[in-house]
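Here the structure comes first, spelled out in structure tokens, and everything after it is commentary.
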Amino acid sequence: MGQFHATIGDDTWDRLTELASQAKVHEGKMLDLIVEEYYKQHKQPEDSRTRRTRTPTKRERG
């Protein structure tokens, strides 16, 4: 978890561990919650393979 801790920063780490302890979450589940929260905050752009392609206009089709 050390590398992940460094990635998200101390403030976020502290907030997440505080929330987990208040909820009395099992340590194994805590990492899942932290990862989920991290990805909510740092949404990645869509993968280009899943993005829909634009339909060509009549002019482009010829």
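So the sequence shown is numbered by this note's numbering: it starts at 43 and just counts up by one.
For every residue, glycine included, the Cβ atom is placed at its ideal position computed from N, Cα and C.
Give the single residue among the options whose Cα lies nearest to the Cα of residue i.
i	options	result
M72	Y81, P98, A62	A62
E78	T54, G104, R103	T54
I50	G70, K66, Y80, P98	Y80
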